[in-house]
Amino acid sequence: MTEMKAGSCAVVIVAAGSGQRLGHGVPKARVPLGGEALLVHAVRGVLKSGIAAQICVAIPAGDEELTAMCGKLGAEAATAGLAFSVVEGGAQRSDSVYAALAKVAEGVTTVMIHDAARPLVPSGVFNRIAAALKDGAKAVIPALAVSDTVKTVVPANLPATGAGLEKVVGTPARNQLRAVQTPQGFELATLRRAYAHALTLDDEAASRITDDAMLVEALGEDVYVVQGSTHSFKITTPMDLLLAEAMLEGPLRPRWIEG
Ligand code: CTP
Ligand code: MG
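Residue numbers (our numbering): 24 to 282.
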């Protein structure tokens, strides 16, 4: 295994999902945005930030196009002085993260876990996370305040119709809610411990885990929050892709300056 300067940071980019909701018929990481695949944007975002010594990408098993794309991206990374590794992802996002973590080089002490599906993350976000990790945080996530009011609901029927509705059981205070993005940054040893603990969860508990930070929370460790970015949104549906294209084309750009 490659050896890094002690204290280095690695970025894991998970790109092994199928992109069902985008409905492009190809794995989402390969979907073009402004003429380049989402994975290319995600990798270049990491290179541009300058925070990493290594990038580990998880791609779908047997995907020859993404394998070839990673060959080229590996060469770009090498030119910038970064190590680059590729692994086969797994059935769940967490399986893909776990597979990629196995490739993290000796000497790396912090890791950021990032989605290929978030192609436009500004350098400022990577830098804020790196700074908090340097200041001793063991887990740091970027987040935004939510603009919608959020309700907790349970299934409920109206007696007259029996129609399948839902009923509100609570309204969390909005000023305490945050919408969480990636990259999420961790002390490597803490994240490895969190993933080891996750292996002991039953299926029900595992299905409730929706981000990496939750695994660290389950260990009782503090998870710190830094300012995210509206540019960091995840491409999930065709509408998201439209917005990302519009952002790249730039009519909004002069009016939209955010780090
Ligand atoms: N991911 C992964 N391995 C999986 C599932 C997801 O590496 N088994 C990655 C995706 O490639 C994506 C990120 O995790 O970069 C966030 O997942 P999501 O947006 O849900 O992407 P997909 O799972 O590809 O999309 P969908 O759920 O619509 O099929
Ligand atoms: Mg998914």
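Beta carbons: idealized from backbone N, C-alpha and C, even for Gly.
Pairwise C-alpha distance: ALA217 and THR223: Their backbone Cα atoms lie some 10 Å apart in a straight line.
Cβ contact (3+ pairs, closer than 8 Å) linking the stretch 68–81 and the stretch 105–113: Yes: the two stretches touch, three or more of their Cβ pairs being nearer than 8 Å.
C-alpha distance - ARG53 paired with LYS157, whole-angstrom precision: Their backbone Cα atoms lie some 33 Å apart in a straight line.
LEU96: CB within 7 Å of a non-hydrogen atom of the ligand NAP: Summarising the ligand content, the structure contains the ligand CTP and the ligand MG and does not contain the ligand NAP.
Whether PHE149 touches ILE74 by CB criterion (8 Å): Yes.
The alpha helix (DSSP H) enclosing THR213, as first and last residue numbers: Where THR213 is concerned, the enclosing alpha helix (DSSP H) stretches over 211–221.
Proximity test, LEU70 beta-carbon vs the ligand CTP heavy atom, cut-off 7 Å: Outside the cutoff, so no.
Backbone CA spacing between LEU181 and GLY187 [nearest angstrom]: For LEU181 and GLY187, the gap between their C-alpha atoms comes out near 8 Å.
Beta-carbon proximity check, HIS17 vs LEU143, cutoff 8 Å: In the structure as shown, the chain starts at 24 and stops at 282, and residue 17 therefore has no counterpart that could be examined.
Rounded Cβ spacing between ALA160 and TYR247 (contact assumed at less than 8 Å): Going by Cβ atoms, the distance from ALA160 to TYR247 rounds to 4 Å, so yes, they are a contact pair.
Cβ distance (whole Å) where MET27 is taken to contact ALA128 below 8 Å: About 5 Å separates the two Cβ atoms, so the contact holds.
Contact set for SER255: own chain, Cβ-Cβ below 8 Å, skip 5 residues either direction: The beta carbon of SER255 sits closer than 8 Å to those of ARG141, LEU143, VAL144, PRO145, VAL148, PRO165, GLN204 and THR205, all from its chain and outside the five residues before and after it, given in chain order.
C-beta contact flag for ARG151 and GLN250 at 8 Å: Yes.
Bounding residues of the alpha helix (DSSP H) (the contiguous stretch that carries LEU62): Counting along the chain, the alpha helix (DSSP H) containing LEU62 begins and ends at 61–72.
ARG197 versus ASP171, THR175 and SER119, residue with shortest Cα-Cα distance: Selected option, being the one with the closest Cα: ASP171.
Proximity winner among THR133, ARG67 and ALA103, relative to ALA29 (alpha-carbon distances): Nearest option by C-alpha distance: THR133.
Three-state class that DSSP yields for HIS47 in the structure shown: HIS47: coil per DSSP, three-state reduction.
Distance, SER252 Cα to LYS71 Cα: One C-alpha to the other measures close to 16 Å.
Beta carbon shell of the ligand CTP at less than 7 Å from a heavy atom: Chain-ordered list of matching residues: VAL37, ALA38, ALA39, GLY40, SER41, GLY42, GLN43, ARG44, LEU45, PRO50, LYS51, ALA52, ALA81, GLY112, GLY113, ALA114, GLN115, ARG116, ASP118, SER119, ASP138, ALA139, ALA140, LYS257 and THR259.
Inter-residue Cα distance where the pair is ASP86 and ASP226: The straight-line gap from Cα to Cα measures roughly 28 Å.
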